[in-house]
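> Encoded as structure tokens, here's the structure I'll be asking about.
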Amino acid sequence: MKRRELSAVELLEDCLGVIEREEPRIHAFVRLSEELARAQAEEADRRFSGDGQVGPLTGIPVAIKDVLCVENVETTAGSQILRGFRPPYESTAVARLRAQGAVFLGMTNCDEFAMGSSTENSGYFPTRNPHDPSRVPGGSSGGSAAAVAAGEAVFGLGTDTGGSIRQPAALCGVVGMKPTYGRVSRYGLIAFASSLDQIGPFTRMVGDAALVLQAIAGWDRRDATSVDRPVDMLSSLERGVEGLRLGLPREYFEAEGMEPGVRAAVERAVLTLERAGAELVDVRLPHTDYGLAAYYIIAPAEASSNLARFDGVRYGARAESAGNLLETYLQTRRGGFGPEVRRRIMLGTYALSAGYYDAYYLKAQKVRTLIAQDFERAFESCDAIVSATSPVVAFPIGAKVADPLAMYVCDVLTLGGNLAALPGVSIPCGTSEGLPVGLQVLAPQWADGMALRVARAYEAASNGS
Amino acid sequence: MIGMEVHAQLSTRSKMFCGCTTDYIGAPPNSTVCEVCLGMPGVLPVANARAVEQVVRTALALECEISRHTKFDRKNYFYPDLPKGYQISQYDMPMARSGRLSLGDREIRITRVHLEEDTGRLLHAGDALETASESLVDLNRSGMPLMEIVSEPDLRSAEEARDYAVELRGILRAVGASEADMEKGQLRAEANVSVRPRGSQELGVKTELKNINSFRALYRAVAYEIERQVRELEGGGRVVQETRGWSESEQRTFSQRSKEFAQDYRYFPEPDLPPLELRPDWVAQLRASLPELPGELRGRLAEQYALSKFDVEQLSQESATARLFEQTVAAGAPPKQAANWIIGNAPTLDAQRLAELIGLVVAGTINREQGVRVLEEAQASGRAPGEVVREQGLAQVSDEAQLGLVVEQVIAENPRAAADFRSGKQQALGALLARVKEATGGSANMRLAAQLLRHRLIQ
Ligand SMILES: [Zn+2]
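Chains as they are written, first to last, in our numbering: chain B, 249 to 713; chain V, -3 to 455.
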């Protein structure tokens, strides 16, 4: 675009064309913001013609997960309870993209309040996997992953609480990254679990993910958990893995439900990295088995409190037929929240209740500390950890809906990264049964650049670019 | 046994977790709000450093131990005045613990001091939310910084409960943490009251008194509640653990909510706010910068100026009053006179002019009553007291020759009273003095007039 070979408006029209063709098949978006996108594209073209600052994302169309508030654009967290809600403020990550001149295509589908691993828990409709529309795209950020995989958007934004960026990236065959907790401001992200949520990019190439992260990362005075540290995602990106030690956690390779085809694809990817010069080391993450239980206490506990504000009093849907206050609360929430959200609110409420707090929430926090220590110890002998992102490939729509536990196991390889606040990238590494497999690269806290560097090295080694 | 829970709104420019103004009194409903204090989706709190400082300063004034590590917690419950469905408060790691407040020679232990956010307010058509046909929510107060100060049940009477709250108000104002005006809701006192038979060591069942919005109401509510509980127990009944409201119109407490099924607030650490570290060097700095506290001020006033207990109490209630007193003395007024004038007349003159006025009275240029008139005139006109005296010719007649003529005339015109005095009726002098005062339009130096009268009558 800088060379004026393509205008932002042309690129937008390309994307809108793909959207028109693909949407009936995959349903990645819950709503488009075409008018805004056109205005932004025109503005970007004015910048390119010398009328303002141009950055790497100027004029680039983005798909935004429906949990990130976009000023004056309906934002609903995939839930009926927020239908019609147009925030009068903007999430910091989105505001930073807007400032760079990115073009907002619309809001993408997700599991309601980001609770799920298949995008089937959306309050609207399920999104379908572009590689096989009878299958799920993963979740919860399934809409953004599918939109990027189908070429509807150049990049996407998602959120990752237990794997909600990395897992759908793996299932849709794109790059997805969850940064270190605190790297990207959560301001304006409709919270699922505050101590675990983190915003990150979906792209087709690792270098683009680094560019997006570079744009959205950095301290924000409106998020007290964001951290003021230098943001450099780009300078070490092309350094390769020569001389790096990559840890292989046995617990992750022998995870419950690991499909042989996934394991084989990941092992091939590991060999590719070894051939590229990496040294492979065995590492142990002994508390892995307890991670799932800890995660499914901490995340619902925080969610039960975060979602208390959706009471129908100030915004969103309200049950109008209720005769009194209690009925207003009950009917609004019963009608507005789907079954998975209600299940997790109940789980979390129970875990925080007097008499159960110590046995559940407090114990889960102790497990969380042990898991973080596992990683710290592992990183003493390696620079990054590689494994599968998801133990399974994209599964048929409806296959796990009746069995929440089978669905929860999808997160078993990713949620450790959230509990330990680590950066993690998922990058496509071949296929199993014709469906994409993802390779996960985890790095120590604040070593986001290292995770990207290893992913980029694999990308370069595997397709020779 | 009475324990107090006092909530004080802190004097900060912005709210506890957002940038909204704290100047909400009188503002149109829902006008001093933003997405954060409205609890909109996705917003995050950022703690107000100034509020943390105010809490630590107050806690230091209450001789508390300051926690090095402290954190915020969420207190979860549903109510329409609580926009997030939880209140950000502090549960098991308050900012300060184990302090004390002195009431004369009694020491009241402070359990803890912590920081939280205020809720919004509801307006019902009808008297209770559950049955109201219409309820309106005003969130201007939502997110105001609020400090809670909890005492041990060390207070023993309604008087002590009131004195405790008054003393606490003085401390809050002295350190500048809160304006602490009860009528404006900046200071809210709740009293936990229980009674037990004399000599018993066991605590009785307590009730929690709310809706108290003046010191007098606090006194009356506690006194009423003590009496009610004693009556209940002596009549063979029992006290139920509950929240009771104070009804100002009926001057009694009434049952609001039974506490036998305690609400479960599901406290857990606030994940949106990192734990706070209150560094000892910073705390030491705050300690060193504390102003003189009411107790210290009282001790100094009594000692330095040899004032009576009454004068000290009166002068130390407001720091501005004490300041005016000290400045007036510094400007040359005798301490006792300065105290009398300030306590008796609540002057709005500055110290310099007040001292000038007191000087005129002490020197006998004008008498006390004239002094009061000069004070009023000086306050109304903004002119100096000396100027007022000159312009209005108010200076009292102290000239012996001039006053002597008046005295002789009065004796001549009131032979009966003169005779009475001469025959030993001392009180007749008063009647004659009144005539002198009348004749001089109140400007006579009355001491001199009495002397002259006596002198002439005895001759
Ligand atoms: Zn506000």
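Where is the CB? At the ideal position from N, CA and C, for every residue including glycine.
The structure displayed is predicted, hence computed values, not measured ones.
Can you find a CB in chain V that lies within less than 7 Å of the CB of R557 of chain B?
On the first sequence, position 309 is the one that residue 557 of chain B refers to. Yes, R557 of chain B lies at the interface with chain V (some Cβ there is under 7 Å from its Cβ).
> For chain V, find out if any of its Cβ atoms is closer than 7 Å to the Cβ of V454 of chain B; answer yes or no.
The residue labelled residue 454 of chain B in the question sits at position 206 within the first sequence. No, V454 of chain B lies away from the interface with chain V (no Cβ there is under 7 Å from its Cβ).
> Apart from the five residues just before and just after S713 of chain B, which ones in its own chain have a Cβ nearer than 6 Å to its Cβ?
Counted from its first residue, the first sequence places residue 713 of chain B at position 465. A caution first: S713 of chain B carries a pLDDT of 46, below 50, which makes its placement in the model unreliable, though a value can still be read off. Nothing listed; no residue qualifies.
> Mind checking who K313 of chain B pairs with in its DSSP beta bridge?
Here residue 313 of chain B refers to the residue found at position 65 of the first sequence. Answer by DSSP bridge pairing, in chain order: B:T356.
> Give me the chain V residues within the contact set of G436 of chain B, using Cβ-Cβ distance strictly less than 8 Å, ordered along the chain.
Locating residue 436 of chain B in the first sequence gives position 188, counting from the first residue. What G436 of chain B touches in chain V: G38 and V39.
> Starting from the N-terminal side, write out each stretch of the alpha helix (DSSP H) that is 4 residues or longer and does not extend beyond the stretch 320 to 344 of chain V.
DSSP runs (the alpha helix (DSSP H)) wholly in the stretch 320 to 344 of chain V: 331 to 341.
> Could you give the distance in angstroms between the alpha-carbon of S85 of chain V and the alpha-carbon of Q300 of chain V?
Taking the second sequence and counting its residues from 1, the one referred to as residue 85 of chain V is at position 89. Taking the second sequence and counting its residues from 1, the one referred to as residue 300 of chain V is at position 304. C-alpha separation (whole angstroms): 43 Å.
> Would you call Q405 of chain V buried or exposed, if buried means 16 or more other Cβ atoms sit within 10 Å of its Cβ?
Taking the second sequence and counting its residues from 1, the one referred to as residue 405 of chain V is at position 409. Q405 of chain V is exposed by the Cβ-count criterion.
> Determine, for K80 of chain V, whether the minimum Cβ-Cβ distance to residues of chain B falls below 7 Å.
As a first step, residue 80 of chain V must be located in the second sequence, where it is residue number 84. Closer than 7 Å: yes.
> Could you say which of B:E290, B:V657 and B:A362 lies nearest to E588 of chain B if we only look at CA atoms?
Translated into positions along the first sequence, residue 588 of chain B becomes position 340. Ranking B:E290, B:V657 and B:A362 by Cα distance to E588 of chain B puts B:A362 first.
> So, does the CB of D471 of chain B fall closer than 7 Å to a CB anywhere in chain V?
Taking the first sequence and counting its residues from 1, one reaches residue 471 of chain B at position 223. Yes, because at least one Cβ of chain V sits closer than 7 Å to the Cβ of D471 of chain B.
> When the cut-off is 7 Å and only beta carbons count, does D268 of chain V lie next to chain B?
As a working note, residue 268 of chain V is residue 272 in the second sequence. Closer than 7 Å: yes.
> So, are the CB atoms of P381 of chain B and P416 of chain B less than 7 Å apart?
For the purposes of this step, residue 381 of chain B is taken as the residue at position 133 of the first sequence. For the purposes of this step, residue 416 of chain B is taken as the residue at position 168 of the first sequence. No, they are not a contact pair.
> Is V432 of chain B close to ligand 1? I mean its beta-carbon at under 6 Å from any heavy atom of the ligand.
Here residue 432 of chain B refers to the residue found at position 184 when the first sequence is read from its first residue. Not under cutoff, so the answer is no.
> Just to confirm my understanding: we take V529 of chain B, look at its own chain, exclude 5 residues before and 5 after, and list those with CB closer than 8 Å. What are they?
Translated into the one-based positions of the first sequence, residue 529 of chain B becomes position 281. If we look at V529 of chain B and ignore the five residues flanking it on each side, its Cβ neighbours are R493, L494, G495, L496, S629 and C630.
> Closer than 6 Å: is that where the CB of V39 of chain V sits relative to any heavy atom of ligand 1?
Working through the second sequence from its first residue, we reach residue 39 of chain V at position 43. V39 of chain V Cβ: outside cutoff for every heavy atom of ligand 1.
> Can you pull the chain B residues whose beta carbon is under 7 Å from the beta carbon of E31 of chain V, in chain order?
Counting from 1 along the second sequence, the entry for residue 31 of chain V is found at position 35. Going along chain B in sequence order, the residues near E31 of chain V (Cβ under 7 Å) are P336 and Y337.
> Could you work out which residues of chain B lie near G35 of chain V, taking near to mean beta carbons separated by less than 8 Å?
Residue numbering aside, residue 35 of chain V sits at position 39 when the second sequence is read from its first letter. Going along chain B in sequence order, the residues near G35 of chain V (Cβ under 8 Å) are R557 and R562.
> Per DSSP, what are the beta-bridge partners of N72 of chain V in this structure?
Walking along the second sequence from the start, residue 72 of chain V turns up at place 76. In DSSP, N72 of chain V forms a bridge with V:Y82.
> Compare the C-beta of L667 of chain B against all C-beta atoms of chain V and say whether one is closer than 7 Å.
Start at 1 with the first residue of the first sequence, and residue 667 of chain B comes out as number 419. No, L667 of chain B lies away from the interface with chain V (no Cβ there is under 7 Å from its Cβ).
> Leaving out five residues before and five after Y538 of chain B in sequence, what residues of the same chain have Cβ atoms less than 8 Å from its Cβ?
The sequence position of residue 538 of chain B within the first sequence is 290, counting from 1. Excluding positions up to five away in sequence, the list reads V615, L618 and I619.
> Is any heavy atom of ligand 1 found at a distance shorter than 6 Å from the C-beta of C16 of chain V?
To locate residue 16 of chain V, count along the second sequence from 1; it is residue 20. Under cutoff, so the answer is yes.
> With 16 other CB atoms within 10 Å as the buried threshold, where does I222 of chain V fall?
Position 226 of the second sequence, counting from 1, holds the residue named residue 222 of chain V. So I222 of chain V counts as buried.
> Once DSSP output is grouped into helix, strand and coil, what is the label at I593 of chain B?
Here residue 593 of chain B refers to the residue found at position 345 of the first sequence. DSSP places I593 of chain B in helix when its eight states are reduced to three.
> Kindly indicate which three-state DSSP category Q252 of chain V falls into: helix, strand or coil?
Reading the second sequence from its first residue, position 256 is the one you call residue 252 of chain V. Three-state DSSP puts Q252 of chain V in a strand.
> Quick one: does the C-beta of C456 of chain V sit closer than 6 Å to a heavy atom of ligand 1?
This structure cannot settle anything about residue 456 of chain V, because the visible part of chain V is limited to -3 through 455.
> Would you tell me roughly how many angstroms separate the C-alpha atoms of R105 of chain V and R557 of chain B, rounded to the nearest one?
The sequence position of residue 105 of chain V within the second sequence is 109, counting from 1. The sequence position of residue 557 of chain B within the first sequence is 309, counting from 1. Rounded to the nearest angstrom, the two C-alpha atoms are 38 Å apart.
> Considering Q5 of chain V, what are the terminal residues of the beta strand (DSSP E) in which it resides?
Counting from 1 along the second sequence, the entry for residue 5 of chain V is found at position 9. From DSSP, the beta strand (DSSP E) with Q5 of chain V extends over I(-2) to Q5.
> Would you decide whether T344 of chain V is buried or exposed? Buried here means 16 or more other CB atoms lie within 10 Å of its CB.
Residue 344 of chain V sits at position 348 when you count from the first residue of the second sequence. By the 10 Å Cβ count, T344 of chain V comes out exposed.
> Taking C-beta to C-beta, are R108 of chain V and P79 of chain V nearer than 7 Å?
Residue mapping note: residue 108 of chain V aligns to position 112 of the second sequence, counting from 1. Residue mapping note: residue 79 of chain V aligns to position 83 of the second sequence, counting from 1. The answer is no: Cβ separation not under 7 Å.
> Cβ-heavy atom distance between C60 of chain V and ligand 1 below 6 Å?
Walking along the second sequence from the start, residue 60 of chain V turns up at place 64. Answer for C60 of chain V: no, Cβ out of range of ligand 1.
> Could you compute how far the alpha carbon of E507 of chain B sits from the alpha carbon of A517 of chain B?
Numbered from its first residue, the first sequence carries residue 507 of chain B at position 259. Numbered from its first residue, the first sequence carries residue 517 of chain B at position 269. Taking the straight line joining both Cα atoms gives about 16 Å.
> So, for Y261 of chain V: in the same chain, excluding its five sequence neighbours on each side, which residues have a beta-carbon less than 8 Å away from its beta-carbon?
As a working mapping, residue 261 of chain V is identified with position 265 in the second sequence. Only K71, N72 and Y73 meet the Cβ criterion.
> Is the stretch 269 to 280 of chain V in contact with the stretch 54 to 73 of chain V, if contact means three or more CB pairs nearer than 8 Å?
Touching, yes, given that three or more Cβ pairs across the two stretches are closer than 8 Å.
> Check whether the Cβ of C317 of chain B lies closer than 6 Å to any heavy atom of ligand 1, and answer yes or no.
Taking the first residue of the first sequence as position 1, residue 317 of chain B is located at position 69. Flag unset: Cβ of C317 of chain B not near ligand 1.
> Which runs of the beta strand (DSSP E) fall wholly inside the stretch 210 to 266 of chain V and span at least 3 residues, in chain order?
Listed in chain order, they are 238 to 243 and 248 to 254.
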